[in-house]
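S.K.: Could you have a look at this structure, given as structure tokens, before my questions?
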Amino acid sequence: MMLPSEARQNRGETSIQAVLLVPVVLGIFFIGVHVTALVHGAHVANAAAIRGAQIAAFSNSEGNDVVRAMNEMEQVVSDLGSHMYSAPSLSIGSKSVQVIVKVAIQSVVPFLPTSITRSATVSREQFTMEQDR
């Protein structure tokens, strides 16, 4: 049991502790939410990049296949609940296809990234006619 004089000395101590502790706890919570959003965005960007690269690698370098790959990447991103930060980049080489996708992240904490970029490289399919085998 505390004496009345001891109680007067500790008056307001709990309020000061709460004022100092609550912002720290909330900051840690919001940083955790933002990191979770970044991880989800990385997953979405990676899935879209791989899907677009697979479609483009299977194509015969026709213009409509490139458009189909771009549309598929945008569809994957929207199906997984995100938005494109910028248009995806698609480069088709002689042996491989590289896709770069940038996905927007909802900003929870200022000064942390609001977009995530992922790329995928897939080997091109080689088509040979039966008489050439």
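No gaps in the numbering here: position 20 of the sequence shown is 10 in the numbering used here, and each next residue is one more.
Ideal Cβ positions, reconstructed from N, Cα and C, are used throughout, including at glycine.
1) Going along the chain, which residues of its own chain have a beta-carbon closer than 6 Å to the beta-carbon of S49, five neighbours each way excluded?
2) Cβ-heavy atom distance between S49 and the ligand PLP below 6 Å?
3) Grab me the residues of A38's own chain with a C-beta within less than 7 Å of its C-beta, minus the 5 sequence neighbours each way, in chain order.
4) Please classify R41 as buried or exposed, where buried requires at least 16 other C-beta atoms within 10 Å of its C-beta.
5) Starting from the Cα of G83, find the closest Cα among L28, T111, D69 and Y75 and give me that residue.
6) Quick check on DSSP: helix, strand or coil for V87?
7) Where do the N-terminal and C-terminal ends of the alpha helix (DSSP H) with I21 fall, by residue?
8) Using a Cβ-Cβ cut-off of 7 Å, state whether F20 counts as contacting chain C.
M.R.: Quick look at the numbers:
1) Excluding residues within five positions, the ones whose Cβ falls inside 6 Å are D55.
2) Absence of the ligand PLP from the depicted structure is noted, as is the absence of any ligand whatsoever, leaving it without description.
3) Taking C-beta separations shorter than 7 Å and ignoring five residues to either side along the sequence, the partners of A38 in its chain run M63, V66, V67 and V91, following chain order.
4) R41 is classed as buried because its beta carbon has at least 16 other beta carbons within 10 Å across all chains shown.
5) G83 has its Cα closest to that of T111, out of L28, T111, D69 and Y75.
6) Looking at V87 - three-state DSSP - the assignment turns out to be strand.
7) Start and end: E3 to F48.
8) The structure shown has no chain C; it contains just one protein chain.
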